[in-house]
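Everything on this sheet refers to the single structure shown next.
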Amino acid sequence: MFKQRLLKAALASVWFMVLTFPLMGIQLNRVENVIHWRFDRIAMLGAGIFVLAMLWHWCFERRALGLPLIKLPDKVVNTAYSLPSRPLFRRGLPAVILMGMLLMPMVSSIYQTNIMISALLYVMLALGLNIVVGLAGQLVLGYAAFYAVGAYTYGMLYEYFGLTFWVCLPLGGLAAVIAGFLLGLPVLGLRGDYLAIVTLGFGEIVRLLLLSQADLTGGPAGISNIPRPGFFGMEMSLDQVTTYIYYLVLGAVLLTIVVISRLKNSRVGLALQALREDEIACEAMGVNTTRVKLSAFVLCSCWAGFAGVIFAAKTTYINPASFTFMESAMILSMVVLGGMGSITGVVIAAMVLILAPEYLRAFSEYRMLLFGAIMVLMMIFRPQGIVSSERRRYRIPSERQSATENKELSA
Amino acid sequence: MKPVLEVRGLSRFFGGLKAVSEISLTVGEHEIVALVGPNGAGKTTFFNCVTGIYTPSAGDVLLHNGEKTTRLNGKKPHQITALGMARTFQNIRLFPGMTVLENVMLGRHCRTKAGVLGALLRSAATRREEQDTVDRAYELLRSVNLHNAYASTAKNLPYGAQRRLEIARALATGPSVLLLDEPAAGMNPFETRELENLVKEIRKKYNLCVLLIEHDMNMVMSMSDRIYVMEHGSCIAEGTPEQIRHNPKVIKAYLGEESDA
């Protein structure tokens with residue numbers, strides 16, 4: 004076993020040294036026209052790869068044997084597993100987090116608050132996408148398009164008709180719903196990869212339309228001077244308005260969590276999950292799959308529309324560059340990393356993916372590299388995401404009976 | 027006997043291939059009818075035509091519900107299920123990541139109506155409907171003897187239990203005809219025996235008629251009221267188990283012709 008691992012690691016390191024030799028090992032000095040052979044760097048690289056490969060194969064061997072990667076004392080493991088079921092933890096932790104979130108703008112700087120606002124916006128977007136991708140298992144790649152529809156609805160309605168934030172919020176949602184419905188109706192018959200390609204195309208079409216219809220949308224320059232949300236016509240300083248937007252977004256996120264968890268635990272939510280598990284069986288069991296898919300799609304685009312309006316109000320400036328495919332991919336990876344269909348997981352993943360780059364500026368050069376590595380590792384070692392989707396508990400008849408009996412006994 | 031499911035001259039072609047040609051079949055009230063035939067005879071294609079997964083190339087599928095008769099051709103699978111026909115699959119198609127109870131609850135989908143708005147508002151009516159769904163699903167699990175496993179994940183059930191769960195899920199749709207596609211495949215003789223009793227029991231309890239595809243001849247002979255035999259897409263024989271047992275065509279299809287050599 005060990006010998007084999009040694010051999011594989013040695014092979015990997017030699018292979019790497021050969022591959023990277025032209026890049027890392029040869030340095031040209033153009034002035035003196037000499038070549039410096041950097042064998043020291045190659046050797047270091049080889050040693051590094053060797054260690055990493057050993058670790059890599061060790062991880063796989065542990066996994067093949069069904070052992071955990073790190074052996075923790077039983078007590079720690081047991082406590083960790085029982086924590087989520089303890090009432091103090093179940094109620095206490097969300098309460099503590101909520102208190103922290105509520106107090107945050109009072110103690111932190113405007114800069115910090117602004118970062119948190121954008122993180123919360125992404126939480127909202129990711130939870131919205133979670134309906135279609137996480138619950139229903141339909142791959143949608145052009146989610147930023149609906150986000151853009153919401154943002155531009157506010158931007159343009161303000162520019163041309165002077166409508167305010169609170170009027171535009173439902174209108175932005177409505178516009179995104181219409182876009183979602185129009186796109187969804189013809190394409191939801193498609194499955195898997197085909198749906199992904201069509202939605203990817205839709206995302207690009209919307210972005211290009213925004214770019215090319217310059218006299219209507221401002222083209223690449225976008226729309227600027229969009230007003231921040233008002234509060235009964237009160238004049239607010241930048242500080243105050245940031246705090247105000249923060250609470251607004253926090254409220255929106257809480258509302259989103261309530262809506263998504265209710266949807267997930269409903270008749271429609273159950274049908275969506277069944278659709279993800281087995282589409283043919285789902286239809287054969289009497290579920291109108293087109294209709295269920297469409298309602299999920301519409302709700303999901305509605306949420307992106309809301310988030311778009313809030314985004315436009317927060318930044319006061321929008322242009323097509325904010326709604327690229329990168330944006331859709333980012334939101335999608337939040338859902339995938341968080342755990343398909345899990346609300347807690349998606350919230351955690353969205354927070355981490357947005358906040359980590361902000362606080363790890365030192366590593367900003369390696370951001371995409373790290374991001375890619377995390378993605379690959381997650382897909383290999385934990386494909387179900389950070390938190391695997393939790394199942395709801397139902398009250399079965401006999402439990403209810405004993406509950407009423409207990410009541411009678413105590414009475 | 028009053029027919030519940032009536033198929034008239036059903037054919038299904040794939041290009042030049044006649045997978046099913048001119049099959050006529052009736053299933054009467056309270057009857058258990060079996061459809062047998064060698065591998066590749068077109069039994070599953072026939073099932074898929076009846077349940078709407080394929081559109082029949084020719085012929086009619088009629089469902090009689092009391093005085094009302096509905097033509098099922100061209101209807102979508104979910105519409106056919108809503109009209110009162112439920113099925114199981116040859117290779118089990120449960121929702122593997124969902125719990126046992128949720129699998130059966132999904133079967134109630136077409137008999138309940140709470141929509142997105144109801145889900146978000148959670149009105150009294152929605153909650154009542156939901157609890158009713160849970161209760162009925164649990165009852166059905168009890169009748170297939172899976173109620174103790176209601177909270178386990180479907181994929182973790184043993185094979186035989188998964189088959190029974192599929193039947194419970196089909197029953198949850200409130201059918202008048204139950205179509206079973208090789209329900210005993212992969213079961214040992216004891217489990218097959220159990221399944222046979224289960225099917226007879228639920229037929230009585232839920233007042234159903236059953237159409238089944240099956241390879242296990244012992245099971246087919248002992249439980250069916252009538253048998254249809256298919257070969258190469260056409261029906262070669264029809265009758266009671268006793269008639270089928272002695273039908274020379276059937277013997278030839280199953281055992282081959284006696285050679286003179």
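Going down the list, the protein sequences come from chains A and B.
Quick note on numbering: this note's numbering labels position 159 of the first sequence as 162, and the sequence is numbered without any gaps.
Quick note on numbering: this note's numbering labels position 238 of the second sequence as 264, and the sequence is numbered without any gaps.
For every residue, glycine included, the Cβ atom is placed at its ideal position computed from N, Cα and C.
No experiment lies behind these values; they were computed from the predicted model shown.
### Query
In chain A, which residues lie less than 7 Å from His90 of chain B when you measure between Cβ atoms?
Counted from its first residue, the second sequence places residue 90 of chain B at position 64. Here the premise fails: no neighbours, minimum Cβ distance about 19 Å.
### Task
Determine the direct distance from the alpha carbon of Thr114 of chain B to that of Asp251 of chain B, and round the result to whole angstroms.
Residue 251 of chain B sits at position 225 when you count from the first residue of the second sequence. Residue 114 of chain B sits at position 88 when you count from the first residue of the second sequence. Computed Cα separation, rounded: 20 Å.
### Query
Who are the neighbours of Gln276 of chain A on chain B, taking C-beta pairs under 9 Å?
In the first sequence, the residue the question calls residue 276 of chain A occupies position 273. In chain order: Phe121, Gly123, Met124, Glu128, Leu132.
### Query
Are the C-beta of Thr2 of chain A and some C-beta of chain B separated by less than 9 Å?
No answer is possible for residue 2 of chain A: it lies beyond the span of chain A, which begins at 4 and ends at 414.
### Message
Can you list, in chain order, the residues of its chain with a C-beta nearer than 6 Å to that of Thr347 of chain A? Leave out the 5 residues immediately preceding and following it.
### Response
Walking along the first sequence from the start, residue 347 of chain A turns up at place 344. Cβ neighbours of Thr347 of chain A beyond the five flanking positions: Val390.
### Query
The beta strand (DSSP E) with Ile357 of chain A in it runs from where to where?
Sequence index remark: in the first sequence, residue 357 of chain A carries index 354 (1-based). Careful: Ile357 of chain A lies outside any beta strand (DSSP E), inside the alpha helix (DSSP H) at 346 to 362.
### Proximal residues of chain A, C-beta to C-beta of Thr138 of chain B below 7 Å
Numbered from 1 along the second sequence, position 112 holds the residue referred to as residue 138 of chain B. Correct list: Arg270.
### Query
Under a three-way DSSP split, which group does Pro184 of chain B fall into?
Walking along the second sequence from the start, residue 184 of chain B turns up at place 158. If DSSP states are grouped into helix, strand and coil, Pro184 of chain B belongs with coil.
### Query
Which residues, in chain order, does the segment 280 to 311 of chain A contribute to contact with chain B at a C-beta distance below 8 Å?
Glu280, Asp281, Ile283, Ala284, Cys285, Glu286, Ala287, Met288, Gly289, Val290, Asn291, Thr292, Ser298, Leu302
### Task
Going by CA-CA distance only, name the one from A:Leu340, A:Tyr397, A:Arg370, A:Met354 that's closest to Pro386 of chain A.
Walking along the first sequence from the start, residue 386 of chain A turns up at place 383. Of A:Leu340, A:Tyr397, A:Arg370, A:Met354, the residue nearest in Cα terms is A:Leu340.
### Query
Comparing the C-beta of Tyr397 of chain A with each C-beta of chain B, is any distance below 9 Å?
The sequence position of residue 397 of chain A within the first sequence is 394, counting from 1. By this cut-off, Tyr397 of chain A is an interface position.
#### Entry: Chain-ordered residues of the segment 138 to 166 of chain B with a beta carbon less than 9 Å from chain A
Thr138, Lys139, Ala140, Gly141, Val142, Gly144, Ala145, Leu146, Leu147, Arg148, Thr152, Glu155, Glu156, Gln157, Thr159, Val160, Asp161, Ala163, Tyr164, Glu165
### Query
Looking at the structure shown, is Thr52 of chain B part of a helix, part of a strand, or coil, going by DSSP?
For the purposes of this step, residue 52 of chain B is taken as the residue at position 26 of the second sequence. In the structure shown, Thr52 of chain B sits in a strand (DSSP, three-state: E or B).
### Query
So what does Val59 of chain B bridge to, in DSSP terms?
For the purposes of this step, residue 59 of chain B is taken as the residue at position 33 of the second sequence. BP columns for Val59 of chain B point to B:Leu237, B:Arg252.
### Task
Whole angstroms is fine: what's the gap from Pro189 of chain A's alpha carbon to Leu297 of chain A's?
Here residue 189 of chain A refers to the residue found at position 186 when the first sequence is read from its first residue. Here residue 297 of chain A refers to the residue found at position 294 when the first sequence is read from its first residue. Spanning the two alpha carbons is a distance of roughly 10 Å.
### Message
Just to confirm my understanding: we take Thr71 of chain B, look at its own chain, exclude 5 residues before and 5 after, and list those with CB closer than 6 Å. What are they?
### Response
The residue you call residue 71 of chain B lines up with position 45 of the second sequence. Arg38, Ala45, Val46, listed in sequence order.
### Task
Just the chain A side, please: which residues come within less than 9 Å of Pro215 of chain B by C-beta, in chain order?
The residue given as residue 215 of chain B occupies position 189 in the second sequence. What Pro215 of chain B touches in chain A: nothing, since even the nearest Cβ is about 28 Å away.
### Task
Flag Lys69 of chain B as yes if its beta-carbon sits less than 9 Å from any beta-carbon of chain A, otherwise no.
Your numbering for residue 69 of chain B matches position 43 in the second sequence. So no, Lys69 of chain B is outside the interface.
### Message
I need the boundaries of the beta strand (DSSP E) containing Gln30 of chain A, first residue and last residue.
### Response
Taking the first sequence and counting its residues from 1, the one referred to as residue 30 of chain A is at position 27. Its beta strand (DSSP E) spans residues 29 to 32.
### Alpha-carbon to alpha-carbon, Ile383 of chain A and Gly129 of chain A
The sequence position of residue 129 of chain A within the first sequence is 126, counting from 1. The sequence position of residue 383 of chain A within the first sequence is 380, counting from 1. This sequence places Ala at residue 129 of chain A; Gly is not what is there. Going from the Cα of Ala129 of chain A to the Cα of Ile383 of chain A covers about 22 Å.
#### Entry: Span separating the alpha-carbon of Gln243 of chain A from that of Met109 of chain A
On the first sequence, position 240 is the one that residue 243 of chain A refers to. On the first sequence, position 106 is the one that residue 109 of chain A refers to. Rounded to whole angstroms, Gln243 of chain A to Met109 of chain A spans 10 Å at the Cα level.
### Task
Provide the residue(s) that pair with Ser260 of chain B in DSSP beta bridges, ordered along the chain.
The sequence position of residue 260 of chain B within the second sequence is 234, counting from 1. According to DSSP, Ser260 of chain B bridges with B:Glu257.
### Opposing strand residues paired with Leu206 of chain B [DSSP bridges]
Counted from its first residue, the second sequence places residue 206 of chain B at position 180. The partner list for Leu206 of chain B (beta bridge, DSSP) reads B:Leu238.
### Query
Roughly how many whole angstroms lie between the Cα atoms of Asn171 of chain B and Leu36 of chain B?
Mapped onto the second sequence, residue 171 of chain B falls at position 145. Mapped onto the second sequence, residue 36 of chain B falls at position 10. Going from the Cα of Asn171 of chain B to the Cα of Leu36 of chain B covers about 37 Å.
### Query
What is the residue span of the beta strand (DSSP E) that Phe305 of chain B lies within?
An answer regarding residue 305 of chain B cannot be provided, because it is not within the stretch 27 to 287 covered by chain B.
### Query
Are there 16 or more other CB atoms within 10 angstroms of the CB of Ser88 of chain A, so buried, or fewer, so exposed?
Translated into the one-based positions of the first sequence, residue 88 of chain A becomes position 85. So Ser88 of chain A counts as exposed.
### Query
For Val168 of chain A, which residues of its own chain have a beta-carbon under 8 Å away from its beta-carbon, when the five flanking residues on both sides are left out?
For the purposes of this step, residue 168 of chain A is identified with residue 165 of the first sequence, where counting begins at 1. It is Phe, not Val, that sits at residue 168 of chain A in the sequence shown. These residues qualify, in order along the chain: Tyr157, Pro230, Arg231, Pro232, Gly233, Val312, Ala316.
### Query
Would you call the segment 125 to 143 of chain B and the segment 172 to 185 of chain B in contact, with 3 or more CB pairs under 8 Å?
yes
### Query
With burial defined as no fewer than 16 other Cβ atoms inside 10 Å of the residue's Cβ, what is the status of Ile106 of chain B: buried or exposed?
By one-based count along the second sequence, residue 106 of chain B stands at place 80. Under this definition Ile106 of chain B is a buried residue.
### Task
Using a Cβ cut-off of 8 Å, pull out every chain B residue sitting near Val262 of chain A, in sequence order please.
Taking the first sequence and counting its residues from 1, the one referred to as residue 262 of chain A is at position 259. Under the 8 Å cutoff, chain B gives Leu146.
### Message
Quick test of your reading: Phe300 of chain A and Leu132 of chain A, contact by CB under 8 Å. State the CB separation rounded to the nearest angstrom.
### Response
Residue mapping note: residue 300 of chain A aligns to position 297 of the first sequence, counting from 1. Residue mapping note: residue 132 of chain A aligns to position 129 of the first sequence, counting from 1. Wrong, their Cβ atoms sit about 11 Å apart, outside the cutoff.
### Query
Mind listing which residues of the segment 39 to 54 of chain B have their C-beta closer than 8 Å to chain A's C-betas, in chain order?
none
### Task
Quick one: grab the DSSP three-state call for Thr292 of chain A.
Numbered from 1 along the first sequence, position 289 holds the residue referred to as residue 292 of chain A. Note: Thr292 of chain A maps to helix in three-state DSSP.
### Task
Below 7 Å between beta carbons is the criterion; list the residues of the segment 192 to 212 of chain B that meet it against any residue of chain A, in chain order.
Arg195, Thr199
### Query
Excluding five sequence neighbours on each side, which residues of the same chain lie with their C-beta closer than 8 Å to the C-beta of Val160 of chain B?
Within the second sequence, numbered from 1, the residue matching residue 160 of chain B stands at position 134. Contacts found: Leu127, Met131.
### Query
Taking Cβ to Cβ, would you say Val201 of chain A is nearer than 9 Å to Leu212 of chain A?
For this step, residue 201 of chain A is matched to residue 198 along the first sequence. For this step, residue 212 of chain A is matched to residue 209 along the first sequence. Cβ distance not < 9 Å, so Val201 of chain A and Leu212 of chain A don't count as in contact.
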